[in-house]
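Enquirer: Have a look at the structure that comes next, please.
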Amino acid sequence: MKGLDLINKLHADDLKPAIDRYVRWIIASRADGAEVDQCEVELAEALDELGKAAKAAREALRASVHDEMLECGILQFDTLNFSASHVAGAQRATVTDLKKLRAARPDLFKPQPDNLDTAALTKLLKAGIMVDGAELSNGGAGHIQIKARKDQAA
925 MKGLDLINKL HADDLKPAID RYVRWIIASR ADGAEVDQCE VELAEALDEL
975 GKAAKAAREA LRASVHDEML ECGILQFDTL NFSASHVAGA QRATVTDLKK
1025 LRAARPDLFK PQPDNLDTAA LTKLLKAGIM VDGAELSNGG AGHIQIKARK
1075 DQAA
């Protein structure tokens, strides 16, 4: 699916429901006696849904335009405000046999630094075991967590 059919499908199936949910909570927040704090939580989640829908729609549109450009042999075109260009993927090495590569070119391998097991260190500190050079943080300022209620539909 591409072109206008894709635009209409993305709007109807993904974007409009997310926009409608956002607008419903904006209207609810402005009503007399509104529980504004509850509306803020609902709006935050509606915006998250809208952002995800917008990002997915953007990627689908970009992929559609890119496919059409490749089909038509067009490498670049301009719109009123933007320029769309085909950019070739970067070439990169793929290892097919690590042992052969290591034998042929050992100079390509870098020694790895020590990796600290932070999970084990945290476990020791939480258990009250003192470890020189480390301490347990208080976790920072914290943040709000919002989860969907299992007993309610969105």
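All residue numbers for the sequence shown refer to the numbering used here, where the first residue is 925 and numbers rise by one. Every residue, glycine too, gets a C-beta built ideally from N, C-alpha and C. Because the structure is a prediction, the values reported are computed rather than measured.
#1: Counting C-beta neighbours from all protein chains within 10 Å, is the total for residue 996 16 or more, i.e. buried, or is it exposed?
#2: Does DSSP put residue 1027 in a helix, a strand or coil?
#3: How far does the beta strand (DSSP E) with residue 869 in it reach, from first residue to last?
#4: Compute the beta-carbon to beta-carbon distance between residue 1009 and residue 999, rounded to the nearest angstrom, for a pair I have assumed lies under 8 Å.
#5: How big is the Cα-Cα spacing for residue 1018 and residue 1054?
#6: Thinking C-beta only, is residue 953 closer than 8 Å to residue 960?
#7: Of the choices 1065, 1042 and 1063, whose alpha-carbon is the least far from that of residue 1057?
#8: So what does residue 938 bridge to, in DSSP terms?
#9: Where do the N-terminal and C-terminal ends of the beta strand (DSSP E) with residue 991 fall, by residue?
Expert: Taking the definition as stated:
#1: Position 72 of the sequence shown, counted from the first residue, corresponds to residue 996. Classification for residue 996: exposed.
#2: Your numbering for residue 1027 matches position 103 in the sequence shown. In this structure, residue 1027 counts as helix in the three-state DSSP scheme.
#3: The question about residue 869 has no answer here: the residues shown for the chain are numbered 925 through 1078.
#4: For this step, residue 1009 is matched to residue 85 along the sequence shown. For this step, residue 999 is matched to residue 75 along the sequence shown. Right, the Cβ-Cβ distance comes to about 7 Å (below 8 Å), so this counts as a contact.
#5: On the sequence shown, residue 1018 is found 94 positions in, with the first residue counted as 1. On the sequence shown, residue 1054 is found 130 positions in, with the first residue counted as 1. Between residue 1018 and residue 1054, the C-alpha separation is close to 45 Å.
#6: Locating residue 960 in the sequence shown gives position 36, counting from the first residue. Locating residue 953 in the sequence shown gives position 29, counting from the first residue. Yes.
#7: For the purposes of this step, residue 1057 is taken as the residue at position 133 of the sequence shown. Among 1065, 1042 and 1063, the Cα nearest to that of residue 1057 belongs to 1042.
#8: Position 14 of the sequence shown, counted from the start, is the residue given in the question as residue 938. Partner(s): none; residue 938 has no beta bridge.
#9: Here residue 991 is taken as the residue at index 67 of the sequence shown, counted from 1. Taken as a continuous stretch (DSSP letters only), residue 991 belongs to no beta strand (DSSP E), being part of the alpha helix (DSSP H) at 960-996.
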